[in-house]
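A.B. asks: My numbering applies: residue 1 is where the sequence shown begins, and numbers increase by one. Positions of the beta carbon are idealized from the N, C-alpha and C atoms, including for glycine. What follows is a single structure, and I will ask about it in a moment.
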Amino acid sequence: MSHQDAINKAIAVIRNRVDALGVTQPVIAQQGSNRIRVELPGMKDPDKAIEIIGKTAQLKFVGPDGKVILTGANVKDSKAVYAQTSTGQQPEVTLVLDAEGTKKFAEATKKFLGQPIAILLDDKVISAPTVRDVITTGNAVITGLKDFQEASELATLIRAGSLPVTLKPIAYSSVGATLGPSALKASVEAGIYGTLLVMLFMMAFYRLPGFIADLALLIYILINFIIYAIFNVTLDLPGIAGFLLSIGMAVDTNILIFERFKEELWAGKTIRPALDAGFAKAMRAVIDANVTTIIGAIILFYLGSGNVKGFALTLLIGVSSSLFTAITVTRFLLHALLEMDLTRNIKFYGA
Numbered sequence: 001m002s003h004q005d006a007i008n009k010a011i012a013v014i015r016n017r018v019d020a021l022g023v024t025q026p027v028i029a030q031q032g033s034n035r036i037r038v039e040l041p042g043m044k045d046p047d048k049a050i051e052i053i054g055k056t057a058q059l060k061f062v063g064p065d066g067k068v069i070l071t072g073a074n075v076k077d078s079k080a081v082y083a084q085t086s087t088g089q090q091p092e093v094t095l096v097l098d099a100e101g102t103k104k105f106a107e108a109t110k111k112f113l114g115q116p117i118a119i120l121l122d123d124k125v126i127s128a129p130t131v132r133d134v135i136t137t138g139n140a141v142i143t144g145l146k147d148f149q150e151a152s153e154l155a156t157l158i159r160a161g162s163l164p165v166t167l168k169p170i171a172y173s174s175v176g177a178t179l180g181p182s183a184l185k186a187s188v189e190a191g192i193y194g195t196l197l198v199m200l201f202m203m204a205f206y207r208l209p210g211f212i213a214d215l216a217l218l219i220y221i222l223i224n225f226i227i228y229a230i231f232n233v234t235l236d237l238p239g240i241a242g243f244l245l246s247i248g249m250a251v252d253t254n255i256l257i258f259e260r261f262k263e264e265l266w267a268g269k270t271i272r273p274a275l276d277a278g279f280a281k282a283m284r285a286v287i288d289a290n291v292t293t294i295i296g297a298i299i300l301f302y303l304g305s306g307n308v309k310g311f312a313l314t315l316l317i318g319v320s321s322s323l324f325t326a327i328t329v330t331r332f333l334l335h336a337l338l339e340m341d342l343t344r345n346i347k348f349y350g351a
């Protein structure tokens with residue numbers, strides 16, 4: 001492997017590990033001829049990040065004869081789980097092997113029946129279970145881990161792949177946001193002003209339903225920020241763009257419903273039947289538009305990286321919650337408004 005190929009593979013492995021940490025919008029790039037720069041927005045524990053990113057993570061299964069049976073390259077997937085034992089629940093890492101690994105492991109467990117097979121990570125023995133049965137299923141287990149966090153980190157390292165070279169951390173520091181305070185403030189202000197203009201438009205054009213849509217929009221924004229807080233989503237420029245785009249789609253959903261509602265009023269129906277018919281007729285278009293966007297966002301999230309992944313994540317959260325607020329919150333609030341019986345004049349409903 002050439003020097004540049006090793007750098008490229010190391011960057012790909014680091015990106016996989018960072019993605020597994022749940023960090024959005026990381027910057028991972030080559031710097032000079034033999035350095036890699038890693039920026040992790042919102043990462044509160046840089047020491048832990050360095051530990052996970054910098055491990056070579058070369059996994060080996062070694063038989064009693066000292067020969068390597070298989071390596072991490074033969075592992076398709078790894079997962080940290082709790083296993084029930086005689087002493088209670090213990091953390092372990094389950095491995096799923098590829099076809100070649102399954103064949104090699106079956107031959108090894110048959111050959112070394114009753115003997116230990118050592119599992120090494122970076123040439124350190126982390127487990128040495130005794131073979132009690134011939135294993136032909138292509139599954140293996142790493143036990144003897146001190147806690148679930150260690151199991152989870154090990155599963156992440158194995159799943160992301162091993163580094164082709166040993167990395168040495170040179171320096172790290174905590175810095176401000178990528179956008180900078182002034183740019184971040186400008187982005188937030190633009191979002192606020194844009195949202196206020198949209199809310200004014202809805203009230204001016206659709207009257208009472210527009211007011212209800214504005215209430216639903218505020219609830220929608222609150223739901224989004226709660227989700228961001230729960231899942232520790234970092235809002236940078238692409239993330240803010242995805243969020244603002246989802247606000248536009250949330251408003252568009254209400255417009256589709258209200259236009260159908262107006263058509264039913266113009267056709268001579270009274271307000272409540274017109275509202276129910278408007279929702280029913282608009283729902284197919286609403287669901288089709290939102291589900292199509294959700295599918296696109298999911299594909300972008302899983303196939304994209306860096307900025308694309310952050311944009312896709314906020315768009316996915318936003319469109320999903322806008323579909324919920326349009327179908328449930330807006331409908332509930334409109335029916336509550338009708339129960340108040342403030343007016344039967346269809347002009348107050350935008351018709």
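Name the DSSP beta bridge partners of Asn139, please?
C.D. replies: Residue pairing by DSSP places Asn139 opposite Val96 in a beta bridge.
A.B. asks: Could you tell me the alpha carbon to alpha carbon distance between Phe205 and Ile247, rounded to whole angstroms?
C.D. replies: 18 Å
A.B. asks: Exposed or buried, what is Ser162 when buried is set at 16 or more other beta-carbons lying within 10 Å of its beta-carbon?
C.D. replies: buried
A.B. asks: Given a cut-off of 7 Å on the beta-carbon distance, is the pair Phe301 and Ala289 in contact?
C.D. replies: Between Phe301 and Ala289, the CB-CB gap reaches or exceeds 7 Å.
A.B. asks: Considering only their Cβ atoms, is the gap separating Ala326 from Thr352 smaller than 7 Å?
C.D. replies: Given that the chain is displayed from residue 1 to residue 351, the structure contains no residue 352 and the question cannot be resolved.
A.B. asks: Would the beta-carbon of Leu275 fall within 7 Å of that of Phe261?
C.D. replies: yes
A.B. asks: Three or more beta-carbon pairs under 8 Å between the region 316-326 and the region 217-231, yes or no?
C.D. replies: yes
A.B. asks: Note down, one range per segment and in chain order, each alpha helix (DSSP H) of at least 4 residues found wholly within the region 276-339.
C.D. replies: Those alpha helix (DSSP H) runs which fall completely within the region 276-339 and span 4+ residues are 307-324.
A.B. asks: Using only alpha-carbon positions, find the residue among Asp214, Glu92, Ala250 and Arg37 that is nearest to Leu167.
C.D. replies: Arg37
A.B. asks: On the DSSP letters alone, give me the boundaries of the alpha helix (DSSP H) that Ser2 sits inside.
C.D. replies: No alpha helix (DSSP H) contains Ser2, which DSSP labels as neither H nor E.
A.B. asks: How many Å lie between Glu264 and Lys347 at the Cα?
C.D. replies: Rounded to the nearest angstrom, the two C-alpha atoms are 13 Å apart.
A.B. asks: Leaving out the 5 sequence neighbours to the left and right, which residues in its chain are closer than 6 Å to Gly101 when beta-carbon positions are compared?
C.D. replies: Leu70 and Asn74
A.B. asks: Since Ile333 and Leu215 are thought to touch, with beta carbons under 8 Å apart, how far apart are those beta carbons, to the nearest angstrom?
C.D. replies: Looking at the sequence itself, residue 333 is Leu, so the reference to Ile does not match. About 6 Å separates the two Cβ atoms, so the contact holds.
A.B. asks: Note down, one range per segment and in chain order, each alpha helix (DSSP H) of at least 4 residues found wholly within the region 161-247.
C.D. replies: 180-230
A.B. asks: Please return the same chain residues whose Cβ sits closer than 7 Å to the Cβ of Ala99, not counting the five positions on each side in sequence.
C.D. replies: Taking C-beta separations shorter than 7 Å and ignoring five residues to either side along the sequence, Ala99 has no partners in its chain.
A.B. asks: In chain order, what residues of the same chain have a beta carbon less than 6 Å from the beta carbon of Ser127, not counting five sequence neighbours either side?
C.D. replies: Ile119, Ile142, Thr143 and Gly144
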